[in-house]
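For the sequence shown, the positions run -26 to -1, 1 to 938 when mature numbering (1 follows the signal peptide of the UniProt record, and there is no 0) is used.
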Amino acid sequence: MRKKLLIYIVCLLVLLGGSNNTPAWAESTLVGMEETENKNVIGKDKEKVAEEKQEKGEITKKENVQGGNESVIGDKWHISMVNGELLVELKGNPDALDVRKQLKKMHDNNELQIKNTKKVIIRGTFGSDSENKDIFIPWTDQLKEVRFEKSNFIPEYFFSNAKGVTKYSDDGSVTEFHREAMIYSPLEYIDSPNLNSIEDKAIASLNAEHIELDIEEINGDFLRFEAEKVKTISLPKLKKFGGEYFIYDAFMLEKVDVPVLETASGTFLGVTPKLKEVNAPKLSEADVLFYHSQFEETRKFRFPNLQFVNEIGYSMTPYGDFPLIVHVPKLNIDQVKIGNSSLIYTSLSPQNSYIGNVGEAIEIQAFGPHDKWKMGQALDIQWEKNGEVIEDKGHTIHVPIQEEGVDVYQPVLVQGNKNAVDFFQEIKVEKVKLNLTAEAVPQEIALGSEITEQDAKGLVTNVRLGDKVLQPDEYKVEVLLQPDTNIIRDSTIQVKVSAEGGQADPVSIDIPTKVVWGETLELLGAYHSNVIGLTLHGQVDGTFKMTGTRGNKKGNGRVHPEFKSEYLSGSLFSVKDQISELDNLEEYYRFSVNGQDSLDQAYKNFESQIVKLGDVVQIRHNQILSWTSLITLHHEGSSSFVGGDIINSNISFEVTKSGYKKLYYNQLEPKRVTVKHGATEEELNQKLQESIDLRGYENITIERFRDGLPNTQKDGKQEIAVVVSEILQSGKKVEYVYTVPFIVNPVVTEKVYNTDGELLEERENLFEYGTSFSPNPENLLEKDGVKYKYVGWLSGQQTPGEDVPKEGKPDSVKETTTFSYVYLNPNKMIHVSLPTEMIFSSSDTVKKDIQSNQYRIENHAEEAKLNIKLASFETNEDAGIRLLMPSDSDPIQDAEAMRLHLLINGNVRLDSVNEKSNMLEIGTMNPKETWTMQFGGKYFGELSKEKEKKKTDHVMILKFSVEE
């Protein structure tokens, strides 16, 4: 029995392996003896207990082994106690909850003296885990160390009640700590080489001074409960935190290093009063930073990549403990909630030096104009001047400049009356008494211009108060001396420049000025002397001011001594309607210059006018058609003579945005238009478009006849009013009326009738008014292949086909007239007699000649000579006999063929008549002449009395026509 037992044990030894601390034979005991099994059961029927355990797969056996150690053996585990160390060996991947239940039961009964356990070793892998938190193992505080070997994870709540565990290790097989696995264990040592995931509160009570774990993800609270010893935390591989609290109640924590952490939900850092350094360069998104931090002194942190966070530095106490300063260069801080003692900012780049002029006050600021910042209500900015605290507080203060020198200002971040923080940069204010300087801007101004207050600032540039360039609203410019702008010349504008607030003495500046033509109509007189210049000056309301100026001051004396009355004049018209005739435009100003007026006075008589866009300016110059250079248009920097292409001394211009625009509606040429008597409205409208020479000008249209259509029922000349229009740049139209000579030319209508009164043709003969038309009807007229002969003409009262025409030709006429000519149809002159049937035969068996009777053709006409042609010769029945053509040779032997000749007056007139004979000339018959006509020829076939007779049938068509 003993031998068998030892052999059995040795076999199990090979299967189960041994322990480093306990002899293998003692640790691996499996006892199957009945008496040992009975010792595990107290107060229960052993068979019933065994049955229950068999159902649960937990049949265990307990036995004392050598050395006083005990073990509990089941289908899924082998649990043993050796020298106060509990070894749990797992078999078949048991569910973690089942193992928890087994260990809880053992604790409840203190089996294997489990309550005295100092170290627990878990060897083997778990199957599934469970979220059931009602089953927990009541570990005692004597448990100090936990180790896992050849395992996979620490199950949920497995050591949740092990408040004495300070050391954890594994052989690298564990990669996950599940929810609250060691939540209350004050761990001071962790050795887990391949750990990469920690779930909610798995090790929430870490208490080592220095923590370094190579985990990549935390899905729940990390350090949560009063970690009194932790000073540094380094998680170099952590990329994501997904819990409610990352670090909370770490009272001794000084440094956190998470170099690759990108997102952190919940509270990232809370209740860390000694925290000094946070390295989170890649953190871009978090929920709460520094919750209830209650720092022992002012803290400054920087998060270079943070782009989203809800709260920073929230504190339950009204004013916190010490200021919290957080640099967040990429954060939009507008929507961030901060604590009362917190300051967050994107950058700190204030203006570090200012220059102030004595007598002024300037503003200086702690932050720069592009810095974004937000400060809690418990904080304020206090200022020191030259090391002494001054009353001014806040981001911006006003500094009065009273004397020359340099002052040093230092903004200081304060919390009430304590905790002054050296945070802001020093600011120097240089106080100087400055000189005002300015540079002149040379000017080109148009004739007649005045320098307004609005224009004055444009006369100077680079206005400086000391070295500071002043903005236009920081100084004013006053014109002391206006230039003389009535004459083209170089001049000077004198201005006074003053700094606003009287910070410096005003300076006087001379502005070099050149008076130029601008937008000017230059009107000249005798010997090209300057009479007046009409210059446009744009106004702020979009209108123009028109002034009269002398211009070049060329010439003296009178405008033109030879003209005793008006020499030139002008009118200004307002174009109010969309379409307006020039004669109906509203003239709102007129000026006139007499030849005897003084040149020095003429331009002064012009009263300045306000003109609007689209107004029309008309100039009348008595010599412009002879001397085209007496009006010059100065426009957009160039000059051109106006008179070069005009034919009307009244010259018009439109006022446009860019100045004067020359108009041409009254510079066109009417044409002499001719139309025929009785012309239609369509023809007249076509002639209308030809009635005016537009001379190539654009935007001009010939519109209509003003007084209706010309009367084309009356020959001769008519004066017709034609309306043209020109489209202005304003979009409106100006119309102008031209008188155009329309000549209605006479028309002689010639109608040709035959003697039956039928109209053969009609033609119109247009001739120029004032000349005559001589009728000349032809003697012969060919129509539709018929030649007609002229008989005579009918007067207007005679009826064709009824009345006898007059002989000869009508007389010449000068007005519109209709003539009727009568022609005779020659076919009506044909009167002939001819046979309707002709018979020919051949009966001579030797000669075989063709013979026929002689038939008569008689011309009964008294005058008509008749031309006769064989139009065609057709065969209806050939009886097998072929008609020979002239080109055919006579057959040598008998053949069914014949040669047929047509004879006139006994002579062959047509040789070898056949089916291809067509329009062959027979001859011409004189009036009253008679011809004989018969057939001749030869038959080439066989003739005999015995042979059956053959009969052919032919149709011959003759054409008769009257010889001319």
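Each residue gets a CB set at the ideal place from its N, CA and C atoms; glycine is no exception.
When secondary structure is reduced to three states using DSSP, Y501 falls in the helix class. When the beta-carbon positions are compared, I842 and I896 come within less than 8 Å of each other. Under the DSSP assignment, R737 falls outside any alpha helix (DSSP H), being part of the beta strand (DSSP E) whose first and last residues are L733 to L740. Taking the CA atoms as reference points, G216 sits about 13 Å from L257. Within the region 640 to 690, the runs of beta strand (DSSP E) that reach at least 3 residues and sit entirely inside it are, in chain order, 647 to 650 and 674 to 679. In the DSSP annotation of this structure, the continuous segment of the alpha helix (DSSP H) that includes E427 starts and ends at E427 to A430.
The beta-bridge partner set that DSSP reports for Q592 consists of S545 and S626.
The bridge partners DSSP lists for P385 are W357.
Using a Cβ distance threshold of 8 Å, L317 and Q281 do not count as a contacting pair.
The criterion of a C-beta distance shorter than 8 Å is satisfied by L322 and D345. Nearest to I419 by alpha-carbon distance, out of L702, D458, I593 and Q663, is D458. By the C-beta criterion, the region 188 to 198 is judged to be in contact with the region 163 to 173, since at least 3 inter-stretch pairs fall below 8 Å. Three or more beta-carbon pairs drawn from the region 495 to 508 and the region 591 to 606 are found closer than 8 Å, and the two stretches are therefore classed as touching.
Put simply, of H184, I189, R873 and L209 the residue whose alpha carbon is nearest the alpha carbon of A201 is H184.
If you draw a straight line from the Cα of M872 to the Cα of N879, it comes to about 22 Å. Taken in chain order, the complete beta strand (DSSP E) segments of 3 residues or longer contained in the region 544 to 586 are 553 to 555, 560 to 568 and 583 to 585.
Counting every other CB atom within 10 Å of its CB across the protein chains shown gives K661 a total of 16 or more, marking it as buried. In this structure, the alpha-carbon of Y727 lies about 20 Å from that of T790. When secondary structure is reduced to three states using DSSP, S846 falls in the strand class. For the pair of segments examined, the region 621 to 641 was found not to touch the region 649 to 666: the number of CB pairs separated by less than 8 Å stays below three.
Beta-bridge annotation (DSSP): L874 is paired with G911.
In this structure, E285 places its C-beta atom within 8 Å of the C-beta atom of V262. C-alpha of G512 to C-alpha of Q428: approximately 13 Å in a straight line. If you look at L798, you'll find it in the beta strand (DSSP E) that goes T791 to L798. Residue environment for Q641: buried (at least 16 other C-beta atoms within 10 angstroms of its C-beta). A direct Cα-Cα distance of roughly 14 Å separates P774 from Y764. In its chain, beyond the 5 residues on either side, K450 and P480 have a beta carbon closer than 6 Å to the beta carbon of S472.
In the structure shown, the three-state DSSP call for E337 is strand. Taking 8 Å as the cut-off, the beta carbon of F110 is found no closer than this to the beta carbon of P129. Closest option to T466, judged by alpha-carbon separation, among G476, V415 and L444: V415. Within the DSSP secondary-structure output, W51 pairs in a beta bridge with L64. For the pair F277 and K248, the CB atoms are not nearer than the 8 Å cut-off. The C-beta of D103 has 16 or more other C-beta atoms within 10 Å across all chains shown, which makes the residue buried.
DSSP, read as helix, strand or coil, puts N314 in coil. Closest option to G422, judged by alpha-carbon separation, among R524, E655 and V363: R524.
In terms of CA proximity to G766, D777 leads the group T675, N106, D758 and D777.
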